[in-house]
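Presented below is the structure to which this report refers.
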Amino acid sequence: MERVGFGRNKNFNVVQYWQQRELGFRGLSQSRRLIDYRIGCLKLSETEIIRYPDDRPSTSSAMAFDQSEYRFLVCGGRAGDIRIFDLDSPELPDPAHPWEHTCYSANKGQWHKGAVMKVQFYPIDSGVFCSAGRDSKVRLYNSETLQVIDESHLPEPIRDAHWGMASSSGGIIAVALGSHAIRLVDPRLRHHIHQLRWPGVTVQSVQFGDCLKSPYVFGGSVNGHCVVWDIRNPGIVMEDLIAPKSILNSKKRRAHMSEIRAIRISDSKKYVVTLSTGKDVHIWDARDLSFKHRLDLTWTRSEDRRQLMEISEEGENLYAHVGMGEDLLVCNVTPKQERRPKITRKYKNFRKEEEKEEIKEIKEENDEEDDDVVKRRRVLPRTCKKPKSLANYDDVKLHQGHYHNIMSIAYQKQRQRIVTSGADGHTLLWIPAMDETLSDTRAQHIARLYEDDLSDDD
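Going by full-length UniProt numbering, the first residue of the sequence shown is number 1, and it counts up by one from there.
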């Protein structure tokens, strides 16, 4: 079969290409573009429900998916409860009733005596998961029996934790206690083995550089500092993350001007993403820790300082899923110089341009007729001002569904779904719109239900 070359690829097979197109096969770039489209069209699920078995509503203060199948969701509640949801969708769902996912709850004797601040599955499989609570305890649970396997006591309440392998057999749990150090807990020894000292700074967030191999730990402080340690040399700070002066509008050498709420590493190990209470998302190069990009979110209406973030990098772009107040923000944080160029049309739509000119002429005539018209600019509140560059505004998509602040957020890989839990006691599932195609009869039935609920006529 003759092969024809196009551009750099001289072994391009035209016949095989069209055969694969007819069979429905796609290339890697096409599948990545499809993932970006799926993330960009999220909506609330109408056929699936995440509901606690108790009659009263409950709020999860921490959530995480397993890293092997991305099927099981472990939740830690504000009351210290531990639960696991099976988010496997049914093969033949009932169109008349929404599907309620199965929930497995631990006995009250296995709960924490305070709010759960962090939950995470074992980085290799889903047989074990850890939890860290405000009762100063780090616990390991068996995922099948939901029984406590091991427990470690720490001297202060826990703010954040992360479980990384660090090239060891059982892994190491880095714990931020809100003090001047990060404790390293070895699950096999049942106590902390080292502490990474950070004098004069209160640690708020912690993250391993790589869950499997990296011995480096990132730490974020209340004052906006972000540093990197090598756990093999606990007493030495390797590097500081410093943002440019033009970004911070200050001469202080730090990553943010306010408290760092979250630190995340991308799947490709190329970027480090940090979120602060000043509503700024900074992107750093993971190789040399240089500053790459900034996304300004100060135009949002939320004033809550408890901000959450998870990232995803399955498609062509890097996304940050930020829970800010009652809103879920899906932000494209890929650096501008590394984005795929958009395809723009080179021709003009003359009909639209003529319509715009006619509208301008009508407005000018109305202004000339009314001499007493005072042109006033709409002044928005400080928290609602749009950013100076419209590109940053276009990179953010806002989703609303909660009535109170979002307390925890989790991203499900391979299916591009997001789970959020709010202080209103509801746990919402956000899925791509293409995954739920309703029939005409069901769509009409749902529309009638909304009309009945919103109508004022009795």
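For glycine and all other residues, C-beta sits at the position ideal for the given N, C-alpha and C.
Just so you know, the alpha carbons of T334 and A255 end up roughly 18 Å apart. If you look at S268, you'll find it isn't in any alpha helix (DSSP H); DSSP assigns it neither H nor E. In its chain, beyond the 5 residues on either side, I50, S421 have a beta carbon closer than 6 Å to the beta carbon of T427. If you draw a straight line from the Cα of I149 to the Cα of W229, it comes to about 29 Å. When Cβ pairs closer than 8 Å are counted between the two stretches, the region 157-166 is seen not to touch the region 100-113, the count staying below three.
Between the alpha carbons of I406 and N223 lies a gap of roughly 23 Å. Rounded to whole angstroms, A174 and H404 show a C-alpha spacing of 31 Å. Following the DSSP letters along the chain, one finds L140 in no alpha helix (DSSP H) but inside the beta strand (DSSP E) bounded by residues 137-142. Between Y271 and I283 the beta-carbon gap is near 5 Å, inside 8 Å, which marks them as a contact. A straight line joining the alpha-carbon of F65 with that of A423 spans about 20 Å. DSSP, read as helix, strand or coil, puts A447 in helix. Annotation for L248: the continuous alpha helix (DSSP H) segment containing it runs 245-248.
Straight-line measurement puts the Cα of T437 at about 46 Å from the Cα of P215.
Taking all protein chains shown into account, I236 has fewer than 16 neighbouring C-beta atoms within 10 Å of its C-beta and is therefore exposed.
Short of 7 Å from the beta carbon of P199, and not among the five residues preceding or following it, lie these beta carbons of its own chain, in chain order: H180.
With respect to the C-alpha of G401, the residue from L329, Y411, T441, Q337 having the closest C-alpha is L329. With fewer than 16 other Cβ atoms from the protein chains shown falling within 10 Å of its own Cβ, P53 counts as exposed. In terms of CA proximity to L154, I182 leads the group Q147, I182, N142. Of the candidates R139, S143, L429, L275, R139 places its Cα closest to the Cα of W163. Listed in chain order, the non-local C-beta contacts of D327 below 6 Å within the same chain comprise L398, Q400, local neighbours out to five positions each way being set aside. In terms of Cα proximity to L289, the closest of Q412, L318, V227 is V227. In the three-state DSSP reduction, K252 falls in the coil class, being neither helix nor strand. Beta-carbon to beta-carbon, A132 and R78 are separated by about 14 Å, too far to satisfy the 8 Å threshold. Per DSSP, T59 is not a residue of any beta strand (DSSP E), being assigned neither H nor E.
Cβ-Cβ distances below 7 Å link N332 to N317, Y319, D395 in the same chain, with the five nearest sequence neighbours on each side left out; the list follows chain order. Inclusion of G325 and D304 in the CB contact set at 8 Å is warranted, their separation being smaller than that value. The residues I247, H282, in chain order, have a CB closer than 6 Å to that of R294 in the same chain once the five nearest residues on each side in sequence are set aside. CA-to-CA, the gap between R253 and V74 works out to about 38 Å. Leaving aside the five residues that flank M63 on each side, the residues in its chain whose CB is nearer than 8 Å to its CB run, in chain order, L73, V74, C75, G76, V119, S408, I409, A410, V419, S421. The Cβ atoms of S276 and I311 lie no closer than 8 Å to each other. Nearest to S302 by C-alpha distance, out of H321, E314, E313, K279, is K279. Inclusion of Q307 and R261 in the CB contact set at 8 Å is warranted, their separation being smaller than that value. Annotated as distal: Y37 and K413, with beta-carbon spacing of 8 Å or more. In the same chain as G127, and ignoring 5 residues on each side of it, the C-beta atoms closer than 6 Å to its own belong to S143, in chain order. It is roughly 19 Å from the alpha-carbon of T300 to the alpha-carbon of L42.
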